[in-house]
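Residue numbers (UniProt numbering): 1 to 151. Ideal placement from N, C-alpha and C gives every residue a C-beta, glycine not left out. Please read these numbers as outputs of a predicted model, since none were measured by experiment.
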């Protein structure tokens with residue numbers, strides 16, 4: 001099993017920097033979250049083992065936060081040594097997440113995910129601005145996002 005930093009590195013490698021595209025820490029975290037959620041739906045297993053916490057700014061993986069927090073809202077550069085090999089089914093999920101969410105802004109992704117049940121449920125009725133480190137459960141993610149799959 002990969003870790004969340006591997007997934008983050010994948011998304012950092014997708015950014016078309018020659019075209020002037022950038023990626024912020026906030027956006028990266030949301031992409032990592034959606035990759036985990038859709039992996040649970042389509043592969044019936046997680047991409048990584050780290051917990052995803054329901055922070056005020058949306059879902060956060062602490063390891064990713066620790067590594068990239070210095071960038072705040074600035075562009076995160078591409079990983080220098082990206083050589084993680086994903087399986088075919090892992091890549092299918094990652095590519096689909098990138099094609100679905102990659103062009104969306106960090107703010108749009110934050111607003112989207114913070115209106116969805118897995119994040120809301122893990123905050124246990126806290127108001128939107130109250131700090132929380134509640135963990136978003138795999139079961140909540142899988143149950144919620146499965147509802148959006150066309151049969």
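Cβ neighbour criterion (16 or more within 10 Å) applied to residue 2: buried
Cβ-based neighbour list, residue 14, same chain, cut-off 7 Å, excluding 5 preceding and 5 following: Result list for residue 14: 98 and 102, in chain order.
Touch test, the stretch 10 to 26 against the stretch 113 to 120, Cβ-Cβ under 8 Å, three pairs minimum: The stretch 10 to 26 makes no contact with the stretch 113 to 120: fewer than 3 CB pairs, one atom from each, lie closer than 8 Å.
Inter-residue Cα distance where the pair is residue 131 and residue 86: 34 Å
Backbone CA spacing between residue 22 and residue 76 [nearest angstrom]: Roughly 7 Å separates the two Cα atoms.
Which listed residue (44, 104 and 50) has its alpha carbon closest to that of residue 7: Among 44, 104 and 50, the Cα nearest to that of residue 7 belongs to 50.
Contacting residues, own chain, Cβ-Cβ under 6 Å from residue 37 (five flanking each side not counted): The beta carbon of residue 37 is closer than 6 Å to those of 141 and 145 in its chain, skipping five residues each way along the sequence.
Through-space distance from residue 29 to residue 108, alpha-carbon basis: Rounded to the nearest whole angstrom, the CA to CA distance from residue 108 to residue 29 is 13 Å.
Buried versus exposed call for residue 128 [16 or more other C-beta atoms within 10 Å across all chains shown]: exposed
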